[in-house]
Amino acid sequence: MSKKHPVIAITGSSGAGTSTVKNAFNHIFRNVGAEPVIIEGDSFHRYDRDEMKRVMEKKERIGNKYFSHFGPEANLFNELEKTFKDYGEKGRCRRRYYLHSDEEANPFGQKAGEFTPWENVGKGSDLLFYEGLHGGVVDGDIDVAKYVDLLIGVVPVVNLEWIQKIHRDKEHRGYSAEATVDTIHRRMWEYINYITPQFSRTHINFQRVPTVDTSNPFIARDIPTLDESFVVVRFRDHDYCD
Numbered sequence: 001m002s003k004k005h006p007v008i009a010i011t012g013s014s015g016a017g018t019s020t021v022k023n024a025f026n027h028i029f030r031n032v033g034a035e036p037v038i039i040e041g042d043s044f045h046r047y048d049r050d051e052m053k054r055v056m057e058k059k060e061r062i063g064n065k066y067f068s069h070f071g072p073e074a075n076l077f078n079e080l081e082k083t084f085k086d087y088g089e090k091g092r093c094r095r096r097y098y099l100h101s102d103e104e105a106n107p108f109g110q111k112a113g114e115f116t117p118w119e120n121v122g123k124g125s126d127l128l129f130y131e132g133l134h135g136g137v138v139d140g141d142i143d144v145a146k147y148v149d150l151l152i153g154v155v156p157v158v159n160l161e162w163i164q165k166i167h168r169d170k171e172h173r174g175y176s177a178e179a180t181v182d183t184i185h186r187r188m189w190e191y192i193n194y195i196t197p198q199f200s201r202t203h204i205n206f207q208r209v210p211t212v213d214t215s216n217p218f219i220a221r222d223i224p225t226l227d228e229s230f231v232v233v234r235f236r237d238h239d240y241c242d
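Counting in the UniProt record's numbering, the final residue of the sequence shown is number 242, and the numbers go up one at a time with none missing.
Set out below in structure tokens:
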């Protein structure tokens, strides 16, 4: 952990709402004049989009139906750990971007689904800010969480999380509801073993709880509104809360 070069990480599953929290922090950084190094969790995937499809098909042919972006085989956990460690010690690290869409890819002269080249970043920055799936992950000797000064979990109740993911993937990424449900099913084993344990390591958790019926998220037409929800906030150490 570093007071001189702090690391803040927002972690949550796909569809949890981490991007909303990221936007809130960006407003805070602008208001206080802080200069963050923004690190996106997707940039630590091991494979680009085309490679991921090929590897997934290969895994399925040998009987592995649970290979996904949630687990260690499809991610560079060691590189993520090194990024946090290097920034905490030196205020410098490496960064790249995963290009989700043509709109994101065009300025780089690349295709959607590719990574930009790695670049050295951090000079003149005040902190590192990460948003993604694995900000508090631990896997064997790899311990990403220990290099995070403030780890925040975004954890809706799971049915709400799935409703949000289905709607987001349909509206913003063009996936059918059926394709998204298949993805949820494939990711379940790694969700249980790599995503949820992180929320026992966080300093703060935000859990959105709906007050309307979300019992079947796979047929839900709408995401519950803010007026139809409340948020449970859990602090790991109440001595540091005001």
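Don't be surprised by glycine CBs; every beta carbon is placed ideally from N, CA and C.
Note that the C-beta distance between A220 and T211 is not below 8 Å. Under the DSSP assignment, G88 falls outside any beta strand (DSSP E), being part of the alpha helix (DSSP H) whose first and last residues are 77-90. In this structure the segment 114-134 does not touch the segment 170-189; the number of beta carbon pairs closer than 8 Å is below three.
Rounded to whole angstroms, F206 and T11 show a C-alpha spacing of 11 Å.
At a cut-off of 3 residues, the continuous stretches assigned as beta strand (DSSP E) that sit fully inside the segment 7-33 are 7-11. Proximity to D102 across V155, M52, K111, R168 peaks at K111, based on C-alpha coordinates. Per the coordinates, the alpha-carbon of D86 lies some 42 Å from the alpha-carbon of E228. Secondary structure at F108: helix, using DSSP grouped into helix, strand and coil. Spatial neighbours of G88 in its own chain (CB-CB distance under 6 Å, excluding positions within 5 residues in sequence) are listed in chain order as S2, H5, V7, Y147.
DSSP, read as helix, strand or coil, puts L99 in coil. Per the C-alpha coordinates, the member of I38, F44, D182, L151 positioned closest to G91 is I38.
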